[in-house]
C-alpha cells in the first residue's frame with residue numbers, strides 16, 4: 289500500500305541536527321492515522337548525514353548538485369505520496385501541524401501552504417522584528433517559508449516544482465504558482481496558524497545586521513537569488 293504523504297528533507301552536512309529533526313518527524317508521523325514515508329536527500333554531504341538518515345529509517349536519495357531547490361525536487365521525484373511535505377533538516381515539525389496540513393489537503397479545499405515560523409532561542413532585536421513581520425504578512429499574502437511547505441502532488445508537478453535556477457527563496461515563486469493553480473481548481477493556499485520551530489544557528493554564523501541587509505537586498509533585487517554569492521546565508525558555514 290502506497291503512503292498517503294511523503295516528507296522530504298534536503299540535507300547538506302546535517303549530522304548534528306538531523307537526528308533531532310527525524311525523531312520529531314517520526315513522532316509526528318506516528319500520531320497520524322495515515323501511512324507516510326520519510327525521504328532525506330543527501331545534497332552531496334561530506335559527513336555522516338546519509339548514514340544517520342538511514343539509521344532513523346529514512347529513505348535516502350543522493351543529489352550531487354548542491355542547491356536547495358535541486359535537492360527538494362530530487363526528493364519529490366522519488367516520492368510515492370499523494371501529498372508532499374517539505375521540511376528543513378534543522379526544523380522541528382509538531383504533530384499538530386502535520387495533522388492540520390494533511391487534513392487541509394485531504395479536504396480537497398487546500399492545494400498547499402506553509403506555517404508560521406518560531407525559533408529555538410531568542411533572536412537579536414532586528415532579526416526578531418523581521419521574523420515577526422514575516423509571520424504577520426505570510427498568512428495574509430499567501431507565502432510559505434521554505435522550512436515547511438506542504439502541497440498536493442498534482443499541484444507540485446503541474447506548477448513545475450521548485451525553480452532550480454535560484455539558490456534561495458525558491459518557495460516564494462512556488463507559493464505564487466500554487467496560488468494561481470489553486471484559483472484555477474477552486475482551492476486555496478493556506479498558511480497554518482501553528483508554527484514550526486527552526487534553528488537560529490545562522491545567528492552564530494553571520495552578523496545579524498548583515499543578514500537583515502542581505503534579506504532586504506534579495507527582496508528588492510529578486511534576480512540576485514540566481515547567484516550563489518548573494519545567497520551565502522544558505523550555503524556558507526564555519
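In our numbering, the protein residues as written are 289 to 526.
Ideal placement from N, C-alpha and C gives every residue a C-beta, glycine not left out.
Item: Cβ pair count under 8 Å reaching 3, the region 442-456 against the region 353-365; Value: yes
Item: Option nearest residue 437 by Cα separation, candidates 420, 461, 473, 419; Value: 461
Item: Contact check, residue 327 vs residue 294, beta carbons under 7 Å; Value: yes
Item: Residue 439 versus residue 411: straight-line alpha-carbon distance, rounded; Value: 29 Å
Item: Three-state secondary structure assigned by DSSP to residue 454; Value: coil
Item: Residue from 385, 334, 480 whose Cα sits closest to the Cα of residue 424; Value: 480
Item: Rounded separation between residue 393 and residue 433 - CA only; Value: 18 Å
Item: Straight-line Cα distance separating residue 507 from residue 415; Value: 15 Å
Item: Backbone CA spacing between residue 378 and residue 486 [nearest angstrom]; Value: 6 Å
Item: 6 Å Cβ shell around residue 303 - same chain, five flanking residues per side excluded; Value: 335, 336, 337, 340
Item: Check whether residue 463 and residue 403 have beta carbons under 7 Å apart; Value: no
Item: Through-space distance from residue 509 to residue 398, alpha-carbon basis; Value: 31 Å
Item: Boundaries (first-last residue) of the alpha helix (DSSP H) holding residue 411; Value: Premise fails: residue 411 is in no alpha helix (DSSP H) and is neither H nor E.
Item: In chain order, each alpha helix (DSSP H) run of at least 4 residues that lies wholly inside the region 332-404; Value: 337-343, 356-366, 383-394
Item: Cα-Cα separation between residue 374 and residue 421, rounded to whole angstroms; Value: 23 Å
Item: Selection from 289, 444, 491, 466 that minimises the alpha carbon distance to residue 324; Value: 289
Item: Start and end residues, beta strand (DSSP E) containing residue 299; Value: 293-299
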